[in-house]
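>
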Amino acid sequence: MQTSPDRHAYPAHWEADVVLRDGGTARIRPITVDDADRLVSFYEQVSDESKYYRFFAPYPRLSAKDVHRFTHHDFVDRVGLAATVGGEFIATVRYDRIGADGTPASAPADEAEVAFLVQDAHQGRGVASALLEHIGAVARERGIRRFAAEVLPANTKMIKVFTDAGYTQKRSFEDGVVRLEFDLEPTDRSLAVQYAREHRAEARSVQRLLAPGSVAVIGAGRTPGGVGRSVLGNIRDAGYTGRLYAVNKALPDGHKELDGVPAHRSVRDIDGPVDLAVVAVPAEHVPEVVTECGEHGVQGLVVVSAGYAESGPEGRERQRALVRHARTYGMRIIGPNAFGIINTSPQVRLNASLAPEVPRPGRIGLFAQSGAIGIALLSRLHRRGGGVTGVTGVSTFVSSGNRADVSGNDVLQYWYEDPDTDVVLMYLESIGNPRKFARLARRTAAAKPLVVVQGARHGAAPQGHAVRATRLPHATVSALLRQAGVIRVDTITELVDAGLLLARQPLPAGPRVAILGNSESLGLLTYDACLAEGLRPHPPQDLTTAASAADFHAALSHALADDRCDAVVVTAIPAVGEGSVGDAALAQALRSASAAAPAKPVLVVHVELGGLAEALSAAASTAPQAAAEADDVPRPAHTGRRIPAPDAPVDAEAAEDTHLIPAYPAAERAVRALGQAVAYAQWRRDSAEPGKVPEYDDIDEKGAAALIEGLLARGQGLTLGTDETCDLLGHYGVQVHRALPAPTPDAASEAARSLGYPVALKATAPHLRHRADLGGVRLDLADEDQLRRSYAELTELFGAPEELRPVVQRMAPRGVDVVVRAVIDPAAGAVLSFGLAGAASQLLGDTAHRLIPVTDREATSLVRSIRTAPLLFGWRGSAPADTRALEELLLRVSRLVDDHPEVVAVTLEPVVVASHGLSVLGASVRLAPPPARDDLGPRTLPAY
């Protein structure tokens, strides 16, 4: 690396791994003086045409002067980046800072010329687009605001790279050359382009893992048993449609097969490409295997081997080395310590996992970080008896183990557009990048339900998981996920309950629930459960134990036809006696009535009716013999679909194939799943009109930026004083009631005269601050006598003024005291929080949260989402508070933090919301330098 004293230190934070358009990976890093040989070798492999496009003339080889120029950079005015695979260059980009006359310059010049060169074999993989994102971020960091590029008109690929990037640009043509100039400030369009490219690349990388054309199992033992041999047998027995190979370096000479599968001693010996390698060798032998796979062109690895980060510090370093090693060759990894992957598609039929049976094909995508939980989920979805039953199956399954590389975010990218997946179920023990997960979850949930249960909620993440530190409690993270449309559940039982309802039934249009059945007691239990879940149940309709299948059919048909009903829960208990309804007959009656009204969900609560559960889920005939044979049926006929919006029209004929009725053994489980579906449907309706971030004419963004820059010049981070806080908030239209210090009774009297009576006298010592219940506050002091008397009382009760730190503040109109906070969390990003002041938020945790920037609709919902919100709306005859003013305050604070990432914490406490207007009585602000890379930065994989 460069160490010359006239050069800046090597910027290691510019190094990054990226996923390319075809799903492979590349490493981007600065070019240094040590890269001379690599640069020459790279240039020799570039075609004459590409060289001509780069230099506008025949340029067969680089001179020594060229090599020196292209490898010696100061990392400020001259920067070069390279994309590498296998340690060798596949593309380069550089910028040179220029002045207004186009000649080399230094800061404060803010324009640079940029130029690319991509090896022909790697063109079309999105390498140049990724390099443009990264060189743009580097340039912004170094104070460059604009790029200029000169391109030959025939070089349409490079012109497209620039024009498709989404930046604001100018284009001109002179002397046979196209000149492009574009600002580097991210725009809504450039971010949209970046996210779209990220989605395509990461989805493709997962697709290559889940639908490989060929698989090699490395570490398949010569004798039955063992992890590798088990995975090999599972792939073979599932009927995998691609080419399968066994690899074991200990195979004797002449041994060509294992269990009928072609066998080799090394991946190198396989004649033909290998798309996926399942690695099941001891951890100490994995590096050798990775090298062989990389040199053979393997696209991805599933590492089931253990002995990595889950085993301690030594294993954690071994895991880091594994990821770095695999990425060197452009490979992605599931694992290590993974349970495996499954794809039930008839075109693939891949069971590269330790699961001995392939789950039934279906419409559910399943992700589990834990192998044990993955087994439990697959088992619950597979079996027909006990709990929630039915033939709804799995489209794809991924168990990521330590998720060192491929994570839930990557799989969400794939499932978002996967036509074979309608519902996504995820068991997560940690969320490595909550900010990105929330963004992807919001997009996914707008198209198909996403149900998540999170383990390790009350402790540290599992040892094998690398996660960003977060200061937010689990409840806050959960609230932010719900805001993104995630259906959060607490157990894997609830995960399956909700998943099967969403996979089988339409979304409810509202919370109104009809209840009918042959048990009055079970109906009342269901009614109570509905109330507990916030639903609006109709009084239960008791059909009596003598009800026939025809009675159930008529009652269900009538309920579904009622415009006042959004969903129906049917309760059923076994009937004893001659002529009692049978399971198959009852199932047929319910399915027939439900199919006639496919726009409303139907659930069944059954007690000891195993046959009914199977019959309700039968895909075709419901006769007893068909129910008995249902296990031999792969799955009900389905067509690729997305869950329609709750108010979207439903085609009854199309719904015939997908309208299976989920059955639950307890009313609470059924109603909880229904309540989650109702809440999700409401989120879908609300997210269709998310609102907007309002503009305020009195916001002085430039003035605030100048103030922040001046304040940060004092040091790396600081909590602002009272005057500075008031000034900064004032630039965003937030006026704080000033509190004047009162170290003596005379000072208190002078402060009161300057502010005007009536006033408040407050102790601001840390143990008394915001604790009016302890008696450290005196309100409505109308004159100097009352003020001096109160001052004496406080000092007598709590100690000397030096300990109390008393202040005098002008009285604000009476109202409801609330707290507004904003914080930049290193994992979740910028979060706005709101709650009532005092015990409500501190003791009961009654605080609501939204991700910044907050829209007007989100501010409205934030105010109304706390349990104590009725106190703001005239509870028990009190005067309603001015919630419009409160919502505006929330929006202004959101704008401040969103506009200025240097503002890392804001607290407004208390804020008194009166009948007309509000008063901010206390405020604090903390500043810190912004990170070098933020959410607007380029695409990168997690660093290792």
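Numbering (this note's numbering), first residue to last: 17 to 960.
In this text, a Cβ means the ideal position worked out from N, Cα and C, and glycines have one as well.
Remember, it's a predicted structure, so these values are computed and weren't measured experimentally.
Check whether the Cβ atoms of PRO678 and ASP513 sit closer than 9 Å, and answer yes or no.
As a working note, residue 678 is residue 662 in the sequence shown. As a working note, residue 513 is residue 497 in the sequence shown. Result yes, Cβ atoms of PRO678 and ASP513 sit closer than 9 Å.
> Along the chain, which unbroken stretches of the alpha helix (DSSP H) at least 4 residues long are found entirely within the stretch 827–904?
The qualifying runs are 855–858, 872–880.
> Who are the Cβ neighbours of PHE443 in its own chain at under 6 Å, not counting the five residues just before and after it?
One-based indexing of the sequence shown puts residue 443 at position 427. Position check: residue 443 holds Tyr in this sequence, whereas Phe was assumed. Taken in chain order, the residues that qualify are ALA384, ILE389, VAL469.
> Skipping 5 residues on each side, what residues in its chain have a beta carbon closer than 6 Å to that of GLU31?
By one-based count along the sequence shown, residue 31 stands at place 15. Answer for GLU31: ARG45, listed in chain order.
> Does the stretch 331–349 come within contact of the stretch 306–313, defined as at least 3 CB pairs closer than 8 Å?
Yes: at least three Cβ pairs fall under 8 Å.
> CB-CB under 7 Å to GLY515, same chain, minus the five flanking residues each way: which ones, in chain order?
Sequence index remark: in the sequence shown, residue 515 carries index 499 (1-based). ILE380, VAL439, LEU441, VAL467.
> Could you tell me if ARG700 is buried or exposed, where buried requires 16 or more neighbouring beta carbons within 10 angstroms of its beta carbon?
Position 684 of the sequence shown holds residue 700. So ARG700 ends up on the buried side.
> Taking only three categories from DSSP, how would you classify GLY656?
Walking along the sequence shown from the start, residue 656 turns up at place 640. Residue confidence is low: GLY656 scores 38 on pLDDT, short of 50, so the model does not pin down where it sits. Its coordinate-derived value is still stated next. Reduced to three states, the DSSP call for GLY656 is coil.
> What ranges does the beta strand (DSSP E) occupy inside the stretch 42–109, keeping only unbroken runs of at least 3 residues that lie completely in it?
If we require 3 residues or more, the beta strand (DSSP E) runs fully inside the stretch 42–109 come out as 94–101.
> Quick check on PRO303: does DSSP put it in helix, strand or coil?
For the purposes of this step, residue 303 is taken as residue 287 along the sequence shown, with counting starting at 1. In this structure, PRO303 counts as helix in the three-state DSSP scheme.
> Please report the straight-line C-alpha distance between VAL620 and GLU684, rounded to a whole angstrom.
The count along the sequence shown starts at 1 and reaches residue 620 at position 604. The count along the sequence shown starts at 1 and reaches residue 684 at position 668. Approximately 12 Å between the Cα atoms of the pair.
> First and last residue of the alpha helix (DSSP H) that includes TYR256?
For the purposes of this step, residue 256 is taken as the residue at position 240 of the sequence shown. No alpha helix (DSSP H) contains TYR256, which DSSP labels as neither H nor E.
> If contact is defined by three or more beta carbon pairs under 8 Å, each pair taking one atom from either stretch, is the stretch 138–151 in contact with the stretch 96–115?
Flag = yes, the stretch 96–115 and the stretch 138–151 touch.
> Out of curiosity, what's the CA-to-CA distance linking LEU745 and LYS778?
As a first step, residue 745 is located in the sequence shown; it is residue number 729 there, counting from the start. As a first step, residue 778 is located in the sequence shown; it is residue number 762 there, counting from the start. Cα to Cα, the separation comes out at about 22 Å.
> For ARG804 and ARG821, what's the separation of their Cα atoms in angstroms?
As a working mapping, residue 804 is identified with position 788 in the sequence shown. As a working mapping, residue 821 is identified with position 805 in the sequence shown. Each residue's Cα considered, the two are about 15 Å apart.
> Return the bridge partner residues of ASN367 from the DSSP annotation.
Indexing the sequence shown from 1 puts residue 367 at position 351. ILE358, per the DSSP bridge assignment.
> Once DSSP output is grouped into helix, strand and coil, what is the label at GLU166?
Counted from its first residue, the sequence shown places residue 166 at position 150. Note: GLU166 maps to strand in three-state DSSP.
> Between the alpha carbons of VAL229 and GLU214, how many angstroms are there, rounded?
The count along the sequence shown starts at 1 and reaches residue 229 at position 213. The count along the sequence shown starts at 1 and reaches residue 214 at position 198. It should be noted that the sequence gives Gly, not Val, for residue 229. So the alpha carbons of these two residues sit roughly 24 Å apart.
> What is the residue span of the alpha helix (DSSP H) that ALA1 lies within?
Because the chain is modelled from 17 through 960, residue 1 falls outside the range shown and cannot be assessed.
> Taking a contact to mean a Cβ-Cβ separation below 9 Å, would you say ARG365 touches GLN315 in this structure?
Looking up residue 365 in the sequence shown gives position 349. Looking up residue 315 in the sequence shown gives position 299. In this structure, GLN315 does not lie closer than 9 Å to ARG365 by Cβ.
> On the three-state DSSP scale, how would you describe VAL374?
Mapped onto the sequence shown, residue 374 falls at position 358. Reduced to three states, the DSSP call for VAL374 is coil.
> For VAL963 versus THR542, is the C-beta spacing smaller than 9 Å?
Any answer about residue 963 is impossible in this case: the structure gives the chain only from 17 up to 960.
> Can you tell me whether GLN692 is helix, strand or coil according to DSSP?
The residue given as residue 692 occupies position 676 in the sequence shown. Three-state result, GLN692: helix.
> Where does GLY749 fall in DSSP's three states?
Along the sequence shown, read from residue 1 onward, the residue named residue 749 stands at position 733. Three-state result, GLY749: coil.
> Starting from THR923, follow the beta strand (DSSP E) in both directions and report where the run begins and ends.
Within the sequence shown, numbered from 1, the residue matching residue 923 stands at position 907. That run of the beta strand (DSSP E) goes 919–929.
> Which of the three DSSP states is assigned to THR437 in this structure?
In the sequence shown, the residue the question calls residue 437 occupies position 421. Coil, per DSSP.
> Could you have a look at ILE175 and say whether DSSP puts it in helix, strand or coil?
Within the sequence shown, residue 175 is the residue found at index 159, counting from 1. Note: ILE175 maps to helix in three-state DSSP.
> Whether or not the stretch 408–428 and the stretch 447–459 are in contact is what I'm after, with contact meaning three or more pairs of Cβ atoms, one per stretch, closer than 8 Å; do they touch?
Taking 8 Å as the limit for Cβ pairs, the verdict is that the stretch 408–428 does touch the stretch 447–459.
> To which residues of the same chain is VAL414 closer than 6 Å at the C-beta, ignoring the five residues directly before and after it?
Mapped onto the sequence shown, residue 414 falls at position 398. Answer for VAL414: ILE357, PHE383, VAL427, listed in chain order.
> I need the DSSP call for ILE380, collapsed to helix, strand or coil.
Locating residue 380 in the sequence shown gives position 364, counting from the first residue. In this structure, ILE380 counts as strand in the three-state DSSP scheme.
> In whole angstroms, give me the CA-to-CA distance for ALA612 and SER573.
Taking the sequence shown and counting its residues from 1, one reaches residue 612 at position 596. Taking the sequence shown and counting its residues from 1, one reaches residue 573 at position 557. Cα-Cα distance, rounded: 8 Å.
> Taking the alpha helix (DSSP H) that THR780 belongs to, which residues open and close that run?
For the purposes of this step, residue 780 is identified with residue 764 of the sequence shown, where counting begins at 1. It is not in any alpha helix (DSSP H) - THR780 carries neither H nor E in the DSSP assignment.
> Name the DSSP bridge partner or partners of GLU129?
As a working note, residue 129 is residue 113 in the sequence shown. Bridge partners of GLU129: ASP112, ALA164.
> Answer yes if the stretch 159–172 comes into contact with the stretch 182–198, meaning at least three C-beta pairs across the two stretches below 8 Å, and no otherwise.
Contact holds: three or more Cβ-Cβ distances are below 8 Å.
> Within 10 Å of its beta-carbon, does LYS464 have 16 or more other beta-carbons around it, so buried, or fewer, so exposed?
Counting from 1 along the sequence shown, the entry for residue 464 is found at position 448. Buried, since its Cβ has 16 or more Cβ neighbours within 10 Å.
> State the start and end residues of the unbroken alpha helix (DSSP H) segment that holds ILE151.
The sequence position of residue 151 within the sequence shown is 135, counting from 1. Residues 143–157.
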